[in-house]
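Heads up, the thing below is written out as structure tokens.
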Amino acid sequence: MNCNNIYIYLHKYIDNSLDEKSLIELKNHVATCETCPKKYDKFTRFFDLLKSLPYSIEPPPDLIELLSKELLKKSLSQINNERKTKIIDDIKKLREQSRQEKLMKERRGLTKKSRMSRLLKMSYTHLSAGKVILIIASGILLFAALAYYFYLNSLANSPWTVESINGTFELNGLKHTDAFWYEGERLICLDSSLLQIIVPGEGRFELEGKSSVLLERAQKKNNKIFLEYGALITDNKLGHLALTIKFGNNELHGNFASYKFYLNKGKGKLSVFEGAVDINDKITINNNYMVKFYNFSPGTPLRTDADKLFEYFVEQFDSGYLDSQTISGIIKSARPEDSFSLLSILERSPLKYRGELFQTVANFFPPPPDVTYDGIIHLNKKMLSGWKYEIEKSIELQ
């Protein structure tokens with residue numbers, strides 16, 4: 021399957037003559053190729069337009085009469101007087117026939133209208149105003165429900181394709197090396213295995229090691245999985261994947277981001293390599309940062325290249341050791357690049373430690389004019405966000 025012969029596959033796809041293996045090849049190629057999705061969209065839109073054309077066209081009601089007049093003029097000028105009478109009679113008959121057909125159609129329409137009117141009149145005479153309103157409201161709700169149902173079907177992008185790069189996996193209790201993955205099914209990646217999951221029309225991600233994942237929702241740009249345990253890797257170079265990862269009572273949401281997320285018994289680690297990942301729509305982890313989870317709760321965001329000693333003291337802080345020794349260790353082992361993490365620690369520290377943390381960050385990156393000591397110490401959200409933004413911008417320029 022390549023770009024040169026895709027039109028052959030597309031023609032067979034439109035004619036419903038493509039076998040299952042070829043159909044999988046076509047979908048996989050379109051999902052991974054840079055140019056063929058445009059051919060696919062253009063080709064299917066063209067045939068969808070053809071299918072939407074009406075099979076028959078109703079001529080205007082006065083077309084026969086107009087044609088008759090034109091025929092009469094030309095005929096009278098070209099034939100002799102002996103045939104004029106016959107032609108005129110024929111045209112009159114044609115006109116009369118057309119008129120009769122028109123009257124019959126009108127009578128049928130009036131009959132239908134009168135029957136409907138009688139039925140409606142009978143219904144309204146036996147129904148109260150409240151019941152009529154209830155019936156109308158029920159009809160509107162039914163129409164809305166059907167419209168929403170068809171809208172959801174148009175968004176569906178199931179099934180996903182699971183391919184084994186190394187080892188095997190279980191799907192619904194059966195072992196496979198490749199299979200289709202549908203909503204509501206549990207996928208288990210066995211020890212030392214590496215799987216590639218292809219999401220139609222969007223991209224792909226990988227599962228490695230011992231992992232268990234439930235596919236909760238397969239919708240375009242709104243996919244959701246439930247990670248029970250294991251490791252998941254995404255790469256935005258493999259497609260623009262919009263994926264929400266649910267774990268415990270939390271959700272990770274990364275659009276077009278590259279990251280790795282590991283989870284086991286409530287403990288985990290998220291490392292973002294490119295883009296940004298939101299945690300519960302409250303915390304954003306940007307590229308070159310990581311965050312560890314304790315009992316499913318996120319800790320302090322750290323640089324992925326953070327010093328091991330600094331990381332150790334931050335773990336102590338996240339584990340609940342809020343004493344002067346822990347704060348002192350954090351301050352002494354911090355680098356300028358760790359200023360974002362220091363402000364995150366300041367937000368969750370007792371008031372008596374916030375002054376030291378403020379001064380440490382200020383020594384690395386002086387606060388902007390609109391950021392004050394009192395505002396930071398008393399956790400002014402606008403000032404904290406503004407200072408963090410300036411720090412990140414300065415780090416990126418270094």
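The opening residue of the sequence shown carries number 21 in our numbering; numbering runs sequentially from there. No residue lacks a Cβ here, since even glycine has one placed at the ideal position from N, Cα and C.
Going by the DSSP bridge assignment, what does residue i pair with across the sheet?
i: R323; result: Y309
i: G274; result: L263
i: G193; result: According to DSSP, G193 bridges with nothing at all.
i: R206; result: L234
i: W180; result: W201
i: I253; result: E226 and K280
i: F246; result: L234 and K266
i: G286; result: In DSSP, G286 forms no bridge with anything.
i: A157; result: Bridge partners of A157: none, in fact.
i: L214; result: N186 and E228
i: E54; result: The partner list for E54 (beta bridge, DSSP) is empty, contrary to what the question assumes.
i: V219; result: G223
For residue i, I'd like the list of residues in its chain whose CB is within less than 7 Å of its CB, leaving aside the five on either flank, ordered along the chain.
i: D255; result: S278
i: G223; result: L258, G259, H260 and L261
i: V381; result: S359, L362 and L363
i: I415; result: E357
i: T188; result: K195, H196, T197, L210 and S213
i: S353; result: D327, L329, F330 and F333
i: I303; result: P318
Between the C-alpha atoms of residue i and residue j, what's the straight-line distance to the nearest angstrom?
i: I396; j: L371; result: 11 Å
i: L261; j: E410; result: 30 Å
i: D39; j: N269; result: 43 Å
i: S348; j: V311; result: 21 Å
i: S344; j: H49; result: 59 Å
i: V391; j: K408; result: 11 Å
i: G221; j: N177; result: 8 Å
i: F384; j: E412; result: 12 Å
i: A149; j: F163; result: 21 Å
i: L404; j: I350; result: 19 Å
i: N25; j: F225; result: 27 Å
i: K241; j: N275; result: 9 Å
i: I299; j: F316; result: 11 Å
i: F67; j: K58; result: 14 Å
i: F246; j: T264; result: 9 Å
i: E271; j: Y341; result: 27 Å
i: I108; j: Q117; result: 14 Å
i: N186; j: I208; result: 14 Å
i: F11; j: R374; result: Residue 11 is absent from the structure shown; the chain starts at 21 and stops at 418.
i: I34; j: P179; result: 20 Å
i: K402; j: R368; result: 16 Å
i: F200; j: L322; result: 38 Å
Going by beta carbon distance, what residues of the same chain come within less than 6 Å of residue i, once the five residues before and after it are set aside?
i: L417; result: none
i: L377; result: L362 and L366
i: E183; result: D198 and Q216
i: F285; result: For clarity, residue 285 is Lys in the given sequence; the question names Phe instead. So no residue of the chain qualifies.
Since I believe residue j is in contact with residue i (beta carbons under 8 Å), could you give me their beta-carbon distance rounded to a whole number of angstroms?
i: A296; j: N308; result: No, A296 and N308 are not in contact; Cβ-Cβ is about 11 Å, not under 8 Å.
i: E203; j: L191; result: That belief does not hold up - the Cβ atoms of E203 and L191 are roughly 13 Å apart, past 8 Å.
i: T181; j: I155; result: With 8 Å as the limit, T181 and I155 do not qualify as a contact, their Cβ atoms being about 47 Å apart.
i: K266; j: E228; result: Their Cβ separation, rounded to whole angstroms, is 19 Å, which puts K266 and E228 out of contact at 8 Å.
i: A326; j: Y282; result: So it is not a contact: roughly 17 Å between Cβ atoms.
i: C23; j: T64; result: Not really, about 17 Å apart at Cβ, beyond 8 Å.
i: K280; j: I253; result: 5 Å
Output needed for residue i: all residues of its chain with C-beta closer than 8 Å, excluding positions within five of it in sequence on either side, in chain order.
i: E335; result: K312 and G319
Cβ of residue i within 7 Å of any heavy atom in the ligand GDP?
i: L252; result: This structure does not include the ligand GDP; it has no bound ligands of any sort.
| field | 4 or more residues per run - each alpha helix (DSSP H) lying fully within the stretch 322 to 399 | value | 328 to 338, 344 to 353, 359 to 367, 371 to 384 and 393 to 397
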